[in-house]
RNA sequence: GCCCCGUUCGUCUAGCGGCCUAGGACGCCACCCUCUCAAGGUGGUAGCACGGGUUCAAAUCCCGUACGGGGUACCA
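Residue numbers (my numbering): 1 to 452.
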């Protein structure tokens, strides 16, 4: 499907970071544009000049790019249309459909005058006894009574337009045909619609997306929730997984296939099938998606992405990270991590000179294990002169266990890695070396003795 | 308070009047695999908020109730 006349936009305000909810909105706009062959425009709603900080805006661009969301036009900045906005306000003032307003003692008072005055705000005079109706692409017909609407500010006393005014004018000027945004903006729609009427523009088709909520079913908030896309990025979520997951919040394909390439999501996407009910941002499910994407990574890609996490680990020097070694056991690690930041904990015992045995492992894997002391002694003895190869090590440990009539794998693992679980042990042990291995077995043996 | 929107398993969703004894996914549980932890495989658990209509037939349409959410700023 190709319809170049369709134009939608993502219009974030420059807050300095990209919110999960905003990212979802951006994504749905982008999916829509790509699915219909339309144009996706990026516009920064920086009407409030005080917060117009370019370096903050760059962060948003970065995150969008990271997610793979590209735009066809822009970014444009609302602050650059100040003159046009001022003109519209002046016209409204001249025609009497807006008036000068001053706030005195918590009260809004009307000030006479048909021209803009520095230091005074301008309010739009909402017509009475009218109904504003619009068809929302996801919700159907929605209507408001103008009598329920209060006159609202369209021009601040500091000489800047408000979101309501700028939004109406810019959507009109930019020829936006579809305004896809969060449901929290639903109730501003009649106001914007009224203003569009005033400037003789045809309003876009609105599509209000269901909100993303937390476990308390409240709109995701910067304060209490983890909402920064940048944070997810640093925690080692893959953009493909994030996009895939986000696409399924408020929308679902009709064929029940959830994990799929974004190209397929674009093909399947249908704005008219977007849900109306709020969606809980479920980290558990995001983790599942991310695990799947990590597992499906080619070894080289995984290594490339995982190595920075290993290098930045403060427990060892960056150059202690042996890329060849990381590559050798990548497959085993890939199926065990949900995020890239979890990677170091599976490799750490290979990079550390000395390890510390976790309390839980010490207790379960050594103290409570049957004859763990004898197992360690036996393995130390056997390891001293056996051939240092994976299969041999495996058989040797097994044989020690068989001789004693107990399971020997866990005590050895705990002694060498400090943990109860981990990647298959004997391949890595070959790399760790005979000397270090035996040293750790002896240390564990000593600790076990002292703790008894 | 007022206005608006919403309500399918715990969660995300499929369903757009008969194919629904409501499907999939996450989670959870069990089993298989396995001398680790996982991954993987198999099976299971659990839902149409409630009450009225309309219809031969309703999860699907209408009305009401309850509950939830959003808005009500010189923020967006």
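Where is the CB? At the ideal position from N, CA and C, for every residue including glycine.
Would you list the one or two residues that DSSP bridges to residue i?
i: residue 98; result: 124
i: residue 288; result: DSSP output for residue 288 lists no bridge partner at all.
i: residue 141; result: 135
i: residue 250; result: DSSP lists no partner for residue 250.
i: residue 76; result: 43
i: residue 104; result: 107
i: residue 219; result: 213
Terminal residues of the continuous beta strand (DSSP E) containing residue i?
i: residue 133; result: 131 to 136
i: residue 266; result: Premise fails: residue 266 lies in the alpha helix (DSSP H), 262 to 268, not in any beta strand (DSSP E).
i: residue 39; result: 39 to 44
i: residue 207; result: 205 to 209
i: residue 154; result: 152 to 155
i: residue 21; result: Careful: residue 21 lies outside any beta strand (DSSP E), inside the alpha helix (DSSP H) at 20 to 36.
i: residue 107; result: 107 to 111
i: residue 300; result: Where residue 300 is concerned, there is no enclosing beta strand (DSSP E), although the alpha helix (DSSP H) it sits in stretches over 299 to 311.
Which residues in the same chain have their Cβ closer than 6 Å to the Cβ of residue i, if we skip the five residues on either side of it in sequence?
i: residue 253; result: 268
i: residue 30; result: 40, 69
i: residue 393; result: 426, 429
i: residue 207; result: 137, 138, 180, 271
i: residue 143; result: 131, 133
i: residue 417; result: 349
Where does residue i fall in DSSP's three states?
i: residue 7; result: strand
i: residue 59; result: helix
i: residue 68; result: coil
i: residue 259; result: coil
i: residue 387; result: coil
i: residue 118; result: coil
i: residue 382; result: helix
i: residue 224; result: coil
i: residue 314; result: coil
i: residue 404; result: helix
i: residue 281; result: coil
i: residue 161; result: strand
i: residue 398; result: helix
i: residue 147; result: helix
i: residue 93; result: helix
i: residue 168; result: helix
i: residue 174; result: coil
i: residue 86; result: helix
i: residue 48; result: coil
i: residue 357; result: coil
i: residue 367; result: helix
What's the C-alpha gap between residue i and residue j?
i: residue 257; j: residue 238; result: 19 Å
i: residue 448; j: residue 24; result: 53 Å
i: residue 95; j: residue 116; result: 12 Å
i: residue 299; j: residue 242; result: 20 Å
i: residue 153; j: residue 109; result: 12 Å
i: residue 118; j: residue 216; result: 45 Å
i: residue 439; j: residue 289; result: 40 Å
i: residue 250; j: residue 139; result: 13 Å
i: residue 43; j: residue 57; result: 11 Å
i: residue 330; j: residue 14; result: 40 Å
i: residue 21; j: residue 304; result: 29 Å
i: residue 338; j: residue 285; result: 10 Å
i: residue 515; j: residue 173; result: Missing from the structure shown is residue 515; the chain here goes from 1 to 452 and no further.
i: residue 391; j: residue 382; result: 14 Å
i: residue 322; j: residue 309; result: 13 Å
i: residue 407; j: residue 433; result: 23 Å
i: residue 359; j: residue 229; result: 35 Å
i: residue 361; j: residue 274; result: 48 Å
i: residue 28; j: residue 247; result: 7 Å
Kindly indicate the opening and closing residues of the alpha helix (DSSP H) around residue i.
i: residue 12; result: It is not in any alpha helix (DSSP H) - residue 12 carries neither H nor E in the DSSP assignment.
i: residue 446; result: 434 to 451
i: residue 180; result: No alpha helix (DSSP H) contains residue 180, which is instead part of the beta strand (DSSP E) from 178 to 182.
i: residue 186; result: Neither: residue 186 is in no alpha helix (DSSP H) and is coded neither H nor E.
i: residue 201; result: No alpha helix (DSSP H) holds residue 201; DSSP gives it neither H nor E.
i: residue 424; result: It is not in any alpha helix (DSSP H) - residue 424 carries neither H nor E in the DSSP assignment.
i: residue 230; result: 229 to 234
i: residue 343; result: No alpha helix (DSSP H) holds residue 343; DSSP gives it neither H nor E.
i: residue 327; result: 323 to 328
i: residue 413; result: 409 to 417
Going by beta carbon distance, what residues of the same chain come within less than 8 Å of residue i, once the five residues before and after it are set aside?
i: residue 221; result: 214, 227
i: residue 422; result: 346, 349, 413
i: residue 318; result: 311, 312
i: residue 380; result: 438, 441, 442, 445
Could you name the residues of the same chain whose beta carbon sits closer than 7 Å to that of residue i, not counting the 5 residues immediately before and after it, in chain order?
i: residue 356; result: 418
i: residue 276; result: 138, 139, 210
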